[in-house]
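Numbering (the working numbering), first residue to last: 93 to 336.
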Amino acid sequence: MAPRPLSPLVLALGGAAAVLGSVIFILWKTYFGRGRERRWDGGEAWWGTEPACLPEWDEWDPEDEADEEPALEELEQREVLVLGLDGSGKSTFLRVLAGKPPLEGHIPTWGFNSVRLPTKNFEVDLLEIGGSQNLRFYWKEFVNEVDVLVFMVDSADRLRLPWARQELHKLLDKDPDLPVVIVANKQDLSEAVSVVELQQELGLQAVDNQREVFLLAASIAPAGAGFENPGTVHIWRLLLELLS
Numbered sequence: 093m094a095p096r097p098l099s100p101l102v103l104a105l106g107g108a109a110a111v112l113g114s115v116i117f118i119l120w121k122t123y124f125g126r127g128r129e130r131r132w133d134g135g136e137a138w139w140g141t142e143p144a145c146l147p148e149w150d151e152w153d154p155e156d157e158a159d160e161e162p163a164l165e166e167l168e169q170r171e172v173l174v175l176g177l178d179g180s181g182k183s184t185f186l187r188v189l190a191g192k193p194p195l196e197g198h199i200p201t202w203g204f205n206s207v208r209l210p211t212k213n214f215e216v217d218l219l220e221i222g223g224s225q226n227l228r229f230y231w232k233e234f235v236n237e238v239d240v241l242v243f244m245v246d247s248a249d250r251l252r253l254p255w256a257r258q259e260l261h262k263l264l265d266k267d268p269d270l271p272v273v274i275v276a277n278k279q280d281l282s283e284a285v286s287v288v289e290l291q292q293e294l295g296l297q298a299v300d301n302q303r304e305v306f307l308l309a310a311s312i313a314p315a316g317a318g319f320e321n322p323g324t325v326h327i328w329r330l331l332l333e334l335l336s
C-alpha cells in the first residue's frame, strides 16, 4: 500500500512549529544570546533538598539584591534556560521570581516566557521555552547559549517520568559542561515520587560525578506562598551561587 500523503492541516501545523522555533531562536540571539564566556571547574553531582553552603532562606529579601548597583557601569548579564515537559511548573516558577501570582489552572506555554532580574553585581535573564512535544525539538539549539540550565520535573506525573528522563539526557549530552539544576516540583502532592526515587527514575546515577548537577525538591508557589516558599528561595540562591 502506498503511503498516504500528509494532510494540509498537518503540513500547516508542522510549518507553524518550525517558524515558531526559528522566531524563538532569533529573539534569543538578539535579546539574550552572547554565547557562554565562563565555565565552572568540575564538581561532584549533589542530591538533596537544600543546596549546601547557601544562606538561610528566611534571612533573604529578594528586593535586597537590587539595592546596590555598580555606579556608572552596565551590569553584566547571566542567562538561565528553564526547560521541562509541559505542566511541570516552568511558567509558575518565572512568575514567582518576578513577584507575580501564579495563574490558575494549567495554561501551556506556546512559545516562550522571559524574566530579567537585577542582582547586586549582574542581571539574570531567565528564558522558558514551552514543553509541548513540537517545541522540545528546539531546546537543544539554546543549550550552548546559556550559563545554567534549570530542568523542571512534575514529581507527581509518574507516567511521563520516562519522557522527562529522555529529554533531560538529550540536554545533558548536548553540553557536558553546563551546570544543571533539576527541580523535583510538586512535592506537596500525595502522589509525588520522593527525591531518592526521582534520582533513579531520571537515571541520574549514571551522570558523570565530575559534572555539576543538582537535584532539589520543591513545591513552587502552592496557595500563594510565593517567595516565602523555601524551595523557591533555595533554587534562586543556588542559581546566584552558580552564576557568580
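Here a beta-carbon is modelled for each residue, glycine too, at the ideal position from N, C-alpha and C. Computed from a predicted model, the values in this text were never measured in an experiment.
Hey, could you find the ends of the beta strand (DSSP E) residue i is sitting in?
i	result
Glu41	Since the first and last residues shown for the chain are 93 and 336, residue 41 lies out of range.
Leu294	Element bounds for Leu294: n/a, residue is neither H nor E.
Leu209	204-210
Leu308	305-309
When we look at the beta-carbon of residue i and count the other beta-carbons within 10 Å, is it buried (16 or more) or exposed?
i	result
Ser286	exposed
Asn222	It is worth fixing the name first, because residue 222 is Gly in this sequence and not Asn. The residue in question, Gly222, is buried, as its Cβ has 16 or more Cβ neighbours within 10 Å.
Pro268	exposed
Arg250	exposed
Asp217	buried
Val305	buried
Val325	buried
Ala276	buried
Leu281	exposed
Val300	For the sequence presented, residue 300 should be read as Asp rather than Val. Asp300 comes out exposed.
Lys192	exposed
Val273	buried
So, does the CB of residue i fall closer than 8 angstroms to a CB anywhere in chain B?
i	result
Val272	In the structure shown, chain B does not exist; there is a single protein chain.
Take residue i as the anchor and find which of the options has the nearest alpha-carbon.
i	options	result
Arg228	Thr184, Glu283, Lys262, Arg208	Lys262
Asp178	Asn226, Arg303, Ile312	Asn226
Phe214	Ser224, Gln169, Ala248, Thr324	Gln169
Met244	Pro254, Leu260, Tyr230	Leu260
Leu332	Ser180, Arg187, Leu209, Phe185	Leu209
Val207	Leu186, Lys192, Pro193	Leu186
Leu175	Lys192, Ala284, Gly203, Arg303	Gly203
Leu296	Arg257, Ser180, Arg329	Arg257
Gln302	Leu253, Leu264, Val288, Trp255	Leu264
Leu253	Thr211, Ile327, Leu290, Ala298	Leu290
Asn205	Ala298, Thr211, Thr184	Thr184
Cβ of residue i within 8 angstroms of Cβ of residue j?
i	j	result
Ser311	Lys278	yes
Glu166	Val238	no
Pro220	Lys182	Per the sequence presented here, residue 220 reads as Glu, with Pro not at that position. Result yes, Cβ atoms of Glu220 and Lys182 sit closer than 8 angstroms.
Val235	Leu270	yes
Glu293	Ala248	no
Gly323	Leu307	no
Leu241	Leu173	yes
Ser180	Asp246	yes
In terms of residue numbering, what span does the alpha helix (DSSP H) encompassing residue i cover?
i	result
Val188	182-189
Return yes when at least one heavy atom of the ligand MN lies under 7 angstroms from the C-beta of residue i, else no.
i	result
Thr211	The ligand MN is not among the ligands present in this structure, which contains no ligands whatsoever.
Minimum length 4: unbroken alpha helix (DSSP H) runs contained in the region 217-275: Counting whole runs of 4 or more residues, the region 217-275 contains the alpha helix (DSSP H) stretches 225-228, 232-235, 253-266.
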